[in-house]
Amino acid sequence: MPPKPTVPEHIAVIMDGNGRWAKERGLPRREGHRAGAESVRECVEACKQLGVKYLTLYAFSSENWSRPADEVSALMNLLERFLEQKAEEMMKQNVRLRAIGHLDRLPEKTRNKLRDAMARTADNTAMTLVLALSYGSREEITEAARAMVHEAVEGRLVPGDVTPELVASHLYTADLPDPDLLIRTSGELRVSNFLLWQISYSEIVIYKKFWPDFKQADLFAAVEEYQARHRRFGGL
Ligand code: IPE
Ligand code: IPE
Ligand code: MG
12 MPPKPTVPEH
22 IAVIMDGNGR
32 WAKERGLPRR
42 EGHRAGAESV
52 RECVEACKQL
62 GVKYLTLYAF
72 SSENWSRPAD
82 EVSALMNLLE
92 RFLEQKAEEM
102 MKQNVRLRAI
112 GHLDRLPEKT
122 RNKLRDAMAR
132 TADNTAMTLV
142 LALSYGSREE
152 ITEAARAMVH
162 EAVEGRLVPG
172 DVTPELVASH
182 LYTADLPDPD
192 LLIRTSGELR
202 VSNFLLWQIS
212 YSEIVIYKKF
222 WPDFKQADLF
232 AAVEEYQARH
242 RRFGGL
């Protein structure tokens with residue numbers, strides 16, 4: 012029998028195209044974000060079925076703060092609704108919620124709901140859903156560098172101690188494996204400041220369709236494509 016194809020342990024997704032999806036329909040951008048929340052459900056469900064252990068979703072970038080205030084507040088409201096409504100579902104599905112990013116920048120109300128949902132689901136074990144919120148990779152790496160300099164100044168670190176493992180242990184993702192598969196919707200061929208360190212050897216799958224059109228079958232197809240790839244990690 013051929014060996015069972017490996018399921019990626021960690022999938023990361025750049026959920027892009029909500030605004031264009033809405034525009035195509037003559038709807039306000041926030042309707043695209045609302046529709047995108049349904050795709051999140053599809054994606055989590057598909058990952059659970061496959062036995063994916065970690066799913067990281069890029070929900071709001073450090074740069075997204077530069078969008079008009081009404082869009083930012085619509086996104087924060089949507090996130091709050093998502094956290095309220097999904098906490099119960101995550102309990103039923105045994106899914107643990109985590110967040111990475113500059114969370115202090117989130118409005119207090121949003122932060123509280125996030126903290127509550129994370130606390131409630133902390134002991135769940137089937138899958139970890141990681142939301143990247145106010146997340147920027149350059150910020151993350153800069154913070155890690157700053158923390159290491161602090162340790163050096165305090166005499167707890169010498170230059171020879173600085174290894175890739177030490178750097179990784181100072182990132183938000185310290186206790187998460189690197190993504191095996193990175194998916195981006197809406198056809199853009201860029202990573203937009205997402206997990207720059209962690210995706211060094213991720214397999215990338217790009218979909219032309221907008222995020223609100225992303226369904227379970229798309230996740231399964233991306234995993235099939237991943238399984239057909241030959242990961243070499245620089246070797247032969
Ligand atoms: C992704 O959709 C969601 C966020 C970035 C918050 P966009 O809002 O970027 O939608 P487009 O790319 O403008 O279509
Ligand atoms: C990336 O999408 C961020 C999220 C999906 C949250 P953007 O729409 O912000 O990225 P750019 O501006 O097209 O690079
Ligand atoms: Mg976009």
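Note that the sequence shown covers residues 12 to 247 in my numbering.
Note that beta-carbon positions come from the ideal geometry of N, C-alpha and C, so glycine has one too.
If you're wondering where the values come from, they're calculated on a predicted model, not measured in any experiment.
- A distance criterion of 6 Å places the beta-carbon of Asp27 in contact range of ligand 3, judged by its closest non-hydrogen atom.
- Exclusion of Phe225 from the 6 Å shell around ligand 2 follows from its C-beta lying no nearer than that to any non-hydrogen atom of the ligand.
- Distances from the alpha-carbon of Val51 to those of Pro16, Glu82 and Lys97 put Lys97 closest.
- In its chain, beyond the 5 residues on either side, Arg131, Thr132 and Asn135 have a beta carbon closer than 8 Å to the beta carbon of Met102.
- Taking a 10 Å sphere around the C-beta of Phe221, we find 16 or more other C-beta atoms and assign the residue as buried.
- For Arg31, the distance from the CB to the nearest heavy atom of ligand 1 is below 6 Å.
- Distance from the CA of Lys34 to the CA of Pro79, rounded to the nearest whole angstrom, comes to 16 Å.
- Three or more pairs of CB atoms, one per stretch, sit closer than 8 Å, so the segment 23-33 contacts the segment 184-198.
- Going by beta carbons, His113 and Ser145 fall inside the 7 Å limit.
- A contact between stretches requires three or more CB pairs, one per stretch, nearer than 8 Å, and the segment 204-216 fails this requirement with the segment 35-49.
- Scanning its chain for C-beta atoms nearer than 8 Å, with the 5 sequence neighbours on each side dropped, one finds around Asp127 the residues Leu94 and Ala98, in chain order.
- A Cβ-Cβ contact shorter than 7 Å links Arg109 with Thr139.
- Distance from the Cα of Ile215 is smallest, within the candidate group Ala232, Lys226 and Ala137, for Ala232.
- Of Ala46, Pro19, Gln227 and Val18, the smallest CA-CA separation from Arg31 is found for Ala46.
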